[in-house]
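Shown next, in structure tokens, is the structure this report addresses.
Residue numbers (the numbering used here): 1 to 197.
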């Protein structure tokens with residue numbers, strides 16, 4: 001592991017090929033099987049409560065029923081997660097032409113809300129853990145194999161694919177210094193960055 005300004009990360013993982021291609025994975029990270037959805041920060045609860053009316057019409061009826069009966073988030077062991085439907089898709093996911101989309105992100109890009117999505121979703125496939133340091137762990141799941149293939153084909157590393165998310169979480173100075181000082185990446189062109197939408 002490498003440590004930079006209090007953030008632990010694996011250099012090899014950051015440089016490994018990765019670029020989301022939802023046309024191939026169908027937005028699989030929005031419907032991974034399990035009891036819990038996306039991890040949430042406590043401060044995101046109020047934000048999501050406030051923007052819920054703006055995304056409500058995008059949410060499928062089955063998700064609305066879950067939200068009405070048991071709420072849109074789950075608290076367990078002092079941590080928060082989005083609720084899920086049938087132990088699978090996030091209640092905030094909707095399907096468009098067979099592809100799972102994030103209702104928050106849709107409204108964000110329409111200019112209707114300022115909240116893009118939970119930061120854990122934005123950073124995925126990196127997961128953030130806090131112990132003595134903040135640690136970024138690359139979660140390698142079979143559903144993201146197409147992203148690894150696309151990243152390899154287009155020569156895009158994970159760190160650049162997650163540029164927007166990492167800047168949102170840690171700031172532009174941190175991100176730029178990480179690239180240059182820790183990863184040796186310079187002269188980044190626009191077409192060498194990517195990310196899920």
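For each residue, glycine too, the CB sits at the ideal point set by N, CA and C.
The alpha helix (DSSP H) enclosing residue i, as first and last residue numbers
| i | result |
| --- | --- |
| residue 161 | 158-161 |
| residue 182 | That residue, residue 182, is in no alpha helix (DSSP H); it is neither H nor E in DSSP. |
| residue 102 | Element bounds for residue 102: not the alpha helix (DSSP H) but the beta strand (DSSP E), 99-102. |
Pairwise C-alpha distance: residue j and residue i
| i | j | result |
| --- | --- | --- |
| residue 137 | residue 20 | 17 Å |
| residue 26 | residue 71 | 26 Å |
| residue 49 | residue 42 | 12 Å |
| residue 195 | residue 150 | In this predicted model, residue 195 has a pLDDT of only 43, less than 50, meaning its place in the structure is not dependable; the value taken from the coordinates is given anyway. If you take the alpha carbons of residue 195 and residue 150, they lie about 12 Å apart. |
| residue 95 | residue 78 | 31 Å |
| residue 167 | residue 114 | 16 Å |
| residue 60 | residue 22 | 19 Å |
C-beta contact flag for residue i and residue j at 8 Å
| i | j | result |
| --- | --- | --- |
| residue 161 | residue 18 | yes |
| residue 109 | residue 92 | no |
| residue 3 | residue 133 | yes |
| residue 45 | residue 73 | yes |
| residue 81 | residue 38 | yes |
| residue 85 | residue 66 | yes |
| residue 58 | residue 106 | yes |
Coil, strand or helix - residue i by DSSP
| i | result |
| --- | --- |
| residue 75 | strand |
| residue 38 | coil |
| residue 6 | coil |
| residue 137 | strand |
| residue 148 | helix |
| residue 11 | helix |
| residue 109 | helix |
| residue 87 | coil |
| residue 127 | strand |
| residue 175 | helix |
| residue 132 | coil |
| residue 33 | coil |
Residues near residue i by beta carbon distance below 6 Å, same chain, minus five either side
| i | result |
| --- | --- |
| residue 122 | 165 |
| residue 193 | Only weak support exists for where residue 193 lies, its pLDDT of 46 falling under 50; the value from the coordinates is given anyway. So the qualifying residues of the chain are 160, 163. |
| residue 102 | 117 |
| residue 142 | none |
| residue 29 | 124 |
| residue 139 | 125, 127 |
| residue 144 | 125 |
| residue 11 | 2 |
| residue 197 | No answer about residue 197 holds up, because its pLDDT of 34 lies below 50 and its placement is not dependable. |
| residue 135 | 8, 129 |
| residue 158 | 14, 16, 18 |
| residue 182 | 4 |
| residue 63 | 85, 91 |
Own chain partners of residue i with C-beta closer than 7 Å, once the 5 adjacent residues on each side are dropped
| i | result |
| --- | --- |
| residue 5 | 174 |
| residue 33 | 87, 88 |
| residue 169 | 119, 123 |
Residue i, enclosing beta strand (DSSP E) - first and last residue
| i | result |
| --- | --- |
| residue 16 | Taken as a continuous stretch (DSSP letters only), residue 16 belongs to no beta strand (DSSP E), as it is neither H nor E. |
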